[in-house]
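Have a look at the structure below before the remarks.
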Amino acid sequence: MNRSFHKSQILRFYDCSAVEVKSKFGAEFRRFSLDRHKPGKFEDFYKLVVHTHHIANTDVTIGYADVHGDLLPINNDDNFCKAVSSANPLLRVFIQKREEAEQGSFGAGSLSRRRKALALREDGPRRRTHLHIGLPHDFRPVSSIIDVDILPETHRRVRLYRHGCQKPLGFYIRDGTSVRVAPQGLEKVPGIFISRMVPGGLAESTGLLAVDDEVLEVNGIEVAGKTLDQVTDMMIANSHNLIVTVKPANQRNNVVRGGRAGRPSDGPGPGREGPAHRLLSSLRADPRHSLALPLPPGAVEEHGPAVTL
991 MNRSFHKSQI
1001 LRFYDCSAVE
1011 VKSKFGAEFR
1021 RFSLDRHKPG
1031 KFEDFYKLVV
1041 HTHHIANTDV
1051 TIGYADVHGD
1061 LLPINNDDNF
1071 CKAVSSANPL
1081 LRVFIQKREE
1091 AEQGSFGAGS
1101 LSRRRKALAL
1111 REDGPRRRTH
1121 LHIGLPHDFR
1131 PVSSIIDVDI
1141 LPETHRRVRL
1151 YRHGCQKPLG
1161 FYIRDGTSVR
1171 VAPQGLEKVP
1181 GIFISRMVPG
1191 GLAESTGLLA
1201 VDDEVLEVNG
1211 IEVAGKTLDQ
1221 VTDMMIANSH
1231 NLIVTVKPAN
1241 QRNNVVRGGR
1251 AGRPSDGPGP
1261 GREGPAHRLL
1271 SSLRADPRHS
1281 LALPLPPGAV
1291 EEHGPAVTL
């Protein structure tokens, strides 16, 4: 023990570029050193750790204690280099089996020194029960609003990410009638609308799409003049990276932006509203009016095909 301690003291004294590593797996401790300026890749470090502890056939997670005593994960090249560069002077590494780490809070967030020690000791006393948060799995975005600076304030462009998940896009579409402003006044044109949201689907979980939203574009292609089946095929073909531009039925949630420099405003300014603009505003404000094709008495609305792929 004294010889090992003396060698580590000599190592730190003569070679300032070397970082001493003390790794712990269960009740076993190992010591080795790394180059502070060229630590290498995380994959090589992982192989070195499992080889040093003779656990090559065991799937483990690796964490380290930073200068504040927080237990942080080491699972890629970036946080591995951060761990080595922040070691002062010793890098304390903690190893745990992956199934045990997923059940507990190993490497899932910032822990104090006391909580870290209790988490690593299975037989340690626990005065109160803490909420355990496991490691994230397949953490990635599911939706985003894009092109906010180039779209009118009344429109919204939403990107849906599936990333190979089994959750369906989860909405139905139908055809109907929309109102457009023409030089001769208002005119009715065919349109595509969202008719129903599937509970638990991807579209409902984003909160960016709603029933009666009018679909204007699918992945940059306008839907004007296309049939319901054609729009459905477009959505299915782009279901893994769907970008849909809609005109929300509820315009109250839209972001109000100021006039852009060098560009005219999207609508007429105060005091310059024409009769067509006033009529459209009244249609949007009064929930009793609908821009969709009204159903005859006793008829039942037929939903279009569900976009579930």
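Numbering-wise (my numbering), the sequence shown opens with residue 991 and increments by one.
Heads up, the beta-carbon is just placed ideally off N, CA and C, and yes, glycines get one too.
**Item:** Which of helix, strand or coil DSSP assigns to Ile1140
**Value:** Three-state DSSP puts Ile1140 in coil, outside helix and strand.
**Message:** Based on DSSP bridge pairs, tell me the residues matched to Phe1084.
**Reply:** Phe1084 is bridged by DSSP to Lys1014, Gly1053.
**Prompt:** Is it the case that the Cβ atoms of Leu1199 and Thr1235 are separated by a distance below 7 Å?
**Reply:** Going by C-beta atoms, Leu1199 is not nearer than 7 Å to Thr1235.
**Message:** Quick check: is the beta carbon of His1058 nearer than 7 Å to any beta carbon in chain B?
**Reply:** Chain labels in this structure do not include chain B; a single protein chain is all it has.
**Item:** Pair within 7 Å by beta-carbon distance, Ser1013 and Val1083
**Value:** yes
**Message:** Based on DSSP bridge pairs, tell me the residues matched to Phe1035.
**Reply:** Its beta-bridge partners do not exist; DSSP assigns none.
**Asked** Looking at C-alpha atoms only, which residue of Val1171, Gly1016, Asn1078, Ala1017 is the closest neighbour of His1058?
**Response** Asn1078
**Item:** Pairwise C-alpha distance: Val1179 and Thr1167
**Value:** 6 Å
**Item:** DSSP state of Ala1200 mapped onto helix, strand, coil
**Value:** In the structure shown, the three-state DSSP call for Ala1200 is coil.
**Message:** Taking its Cβ as the centre, do 16 or more other Cβ atoms sit within 10 Å of Ala1193, making it buried, or is it exposed?
**Reply:** buried
**Prompt:** So which of Leu1081, Asn1209, Ile1064, Ala1008 has the shortest CA-CA distance to Asp1034?
**Reply:** Ile1064
**Asked** Does DSSP put Val1213 in a helix, in a strand, or in coil?
**Response** coil
**Request:** Measuring alpha carbon to alpha carbon, tell me which of Asn1240, Arg1020, Ala1214 ends up nearest Leu1081.
**Result:** Arg1020
**Asked** Which residues in the same chain as Leu1159 place their Cβ atom closer than 7 Å to its Cβ, once the five residues preceding and following it in sequence are excluded?
**Response** Leu1150, Gly1191, Leu1192, Ala1193, Ser1229, Leu1232, Val1297, Thr1298
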